[in-house]
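K.L.:
With UniProt numbering as the guide, the letters of the sequence shown map in order to residues 1 to 387.
Every residue gets a Cβ at the ideal spot worked out from N, C-alpha and C, and that includes glycine.
First the structure, which I've put down as structure tokens, then a few questions once you've had a look.
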Amino acid sequence: MLQFSTPIPLTLYVHMPWCVRKCPYCDFNSHVSPEPLPQAAYVDALLSDLEHDLPRVWGRRVDSVFIGGGTPSLFSAEAIDRLLAGLRARLALRPDIEITLEANPGTVEAGRFAEFRAAGVTRLSIGVQSFDDDQLQALGRIHDRRAAIRAAESAHAAGFDNFNLDLMFGLPGQTPEQALRDLATAIDLEPTHLSYYQLTIEPNTLFHRYPPTLPDDDTLWSIQQAAQQRMAARGYAQYEISAYAREGRRCQHNLNYWEFGDYLGIGAGAHGKLTDPAAGTIRRTLKHKHPREYLESAGRASCLSLDSEVSPAELPFEFMLNALRLIDGVPAALFSERSGLPFETLAPALEQARRQQLMLDTHTRLQASPRGLQFLNDLLQLFIDSP
Numbered sequence: 001m002l003q004f005s006t007p008i009p010l011t012l013y014v015h016m017p018w019c020v021r022k023c024p025y026c027d028f029n030s031h032v033s034p035e036p037l038p039q040a041a042y043v044d045a046l047l048s049d050l051e052h053d054l055p056r057v058w059g060r061r062v063d064s065v066f067i068g069g070g071t072p073s074l075f076s077a078e079a080i081d082r083l084l085a086g087l088r089a090r091l092a093l094r095p096d097i098e099i100t101l102e103a104n105p106g107t108v109e110a111g112r113f114a115e116f117r118a119a120g121v122t123r124l125s126i127g128v129q130s131f132d133d134d135q136l137q138a139l140g141r142i143h144d145r146r147a148a149i150r151a152a153e154s155a156h157a158a159g160f161d162n163f164n165l166d167l168m169f170g171l172p173g174q175t176p177e178q179a180l181r182d183l184a185t186a187i188d189l190e191p192t193h194l195s196y197y198q199l200t201i202e203p204n205t206l207f208h209r210y211p212p213t214l215p216d217d218d219t220l221w222s223i224q225q226a227a228q229q230r231m232a233a234r235g236y237a238q239y240e241i242s243a244y245a246r247e248g249r250r251c252q253h254n255l256n257y258w259e260f261g262d263y264l265g266i267g268a269g270a271h272g273k274l275t276d277p278a279a280g281t282i283r284r285t286l287k288h289k290h291p292r293e294y295l296e297s298a299g300r301a302s303c304l305s306l307d308s309e310v311s312p313a314e315l316p317f318e319f320m321l322n323a324l325r326l327i328d329g330v331p332a333a334l335f336s337e338r339s340g341l342p343f344e345t346l347a348p349a350l351e352q353a354r355r356q357q358l359m360l361d362t363h364t365r366l367q368a369s370p371r372g373l374q375f376l377n378d379l380l381q382l383f384i385d386s387p
């Protein structure tokens, strides 16, 4: 039985499963949107889903909300307003709560961001990916360079003082000069946060079936090193493998994931992780992935396609998989607080990691060394075999 001595933070993830079309690199739970989009029915389903899950989180405050997808910006501001009103009526939301909505430049009409802000959204995450029209076409995106720039400018105009731009590097045939030109454009648009990540080929995607030619490892390394220097020079501090933020603008929702907090997931294909201190367990949940099945089952037990207990043997790896992505790591005490296991559980793996110079030798923090961040998969492998 796991032992928990302090309350676990809780956040809410809301999944919107539809996109205009499926991108060839995307392995997320996304589906081509029907016409018309069943906005009212889906918001009803989300609120029914939430009500069914409320007994799992009675009395707990929700510290952040993330509306992801798919493409949430396909939904009208009225639908988002009704969703957020429903959340406020059913949950104890933190007074200064961060509410993020993902948006794609090709789906945002003039004035839509201002309407989302009026509905209660406090932060945008805009999926730009590139500012190069040829690359955007190769990635299957529905927007062009002008639309991407216009989306960031619209976020500023709407009064958002906190928004993220998603940007990829290592694109098919991309040179370091092209990658850094993309980054320079993003920085000049002055977002408060940048997610800068390498394109990877995932199973069950079109790119996996028909792999494009990607830059070699030496090119990727040179892009990443130069990009990190440029972002740091412009005030974007790296705090996670792929995340860079201005002072005070780290994504609170994602920090909760990386610090192994709890999260309730509603929506088609939404994952959840919930701690039950009384039972001494941590459970993972997954809602039905297909929108049709989800709409038919939301609000009933049959909406869950997975509801399983995380075994104590899995917890060291699961905790470190998240925590070691953070550049500064986490306080050592957080392992016991969030996993319910004694810290000594980690001792054999920590000894190996420090001997191989993959983790810093400190008793107060669990933190990967620069070498460990470079070879993160090798480092994490040590915790898979943890007793």
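#1: Cutting at 6 Å between CB atoms, please list the residues of its own chain near G340, excluding the five before and the five after it.
#2: For a test of the three-state rule: what should DSSP assign to M320, helix, strand or coil?
#3: So if DSSP puts E98 in a beta bridge, which residue, or which two residues, is it bridged to?
#4: I'd like to check one pair, G269 with residue 391: are the Cβ atoms closer than 8 Å?
#5: For the region 259–347, which segments carrying the alpha helix (DSSP H) assignment without a break, of at least 4 residues, lie completely within its bounds, in sequence order?
#6: Any chance the region 119–134 sits against the region 82–101, with 3 or more Cβ pairs inside 8 Å?
#7: Who are the near neighbours of L220 in its chain, counting only those whose CB is closer than 7 Å to its CB and skipping five residues on each side?
#8: Quick one: which unbroken beta strand (DSSP E) runs of 3-plus residues sit fully inside the region 132–195? Chain order, please.
#9: Excluding five sequence neighbours on each side, which residues of the same chain lie with their C-beta closer than 7 Å to the C-beta of D144?
#10: Using a Cβ distance threshold of 8 Å, determine whether the region 298–309 contacts the region 76–85, with at least three qualifying pairs required.
#11: Can you tell me where the beta strand (DSSP E) holding E240 begins and where it ends?
#12: Are there three or more Cβ pairs, one per stretch, closer than 8 Å when the region 17–34 is compared with the region 54–63?
#13: What does a CB cutoff of less than 6 Å around I327 pick up in its chain, not counting 5 residues either side in sequence?
#14: For the beta strand (DSSP E) holding H52, just list the boundary residues, first then last.
#15: When you compare only the Cα positions, how much space is there between S48 and A233?
#16: Out of E78, G68, G173, which one is the CA nearest neighbour of L214?
#17: Could you spell out where the beta strand (DSSP E) holding G127 opens and where it closes?
#18: How about the region 201–214 and the region 245–255: do they share at least three Cβ pairs that are nearer than 8 Å?
#19: Quick check: what's the CA-CA separation for residue 405 versus A279?
#20: Less than 8 Å between the C-beta atoms of R141 and G111, yes or no?
#21: Taking 8 Å as the threshold (C-beta atoms), are G261 and T11 in contact?
#22: Kindly indicate the opening and closing residues of the beta strand (DSSP E) around L91.
#23: Provide the residue span of the beta strand (DSSP E) that contains A243, from first to last.
P.N.:
Per the coordinate set shown:
#1: L2, Q3, F4
#2: helix
#3: S64
#4: One cannot answer for residue 391 here, as it falls past the ends of the chain, which runs 1 to 387.
#5: 291–297, 315–323, 333–339
#6: yes
#7: G170, Q198
#8: 163–169
#9: D133, L136
#10: no
#11: 237–240
#12: no
#13: Q238, Y239
#14: Unbroken run through H52 is the alpha helix (DSSP H), 39–53; no beta strand (DSSP E).
#15: 47 Å
#16: G173
#17: 123–129
#18: no
#19: No answer is possible for residue 405: it lies beyond the span of the chain, which begins at 1 and ends at 387.
#20: no
#21: yes
#22: Here L91 belongs to no beta strand (DSSP E), and DSSP marks it neither H nor E.
#23: 243–245
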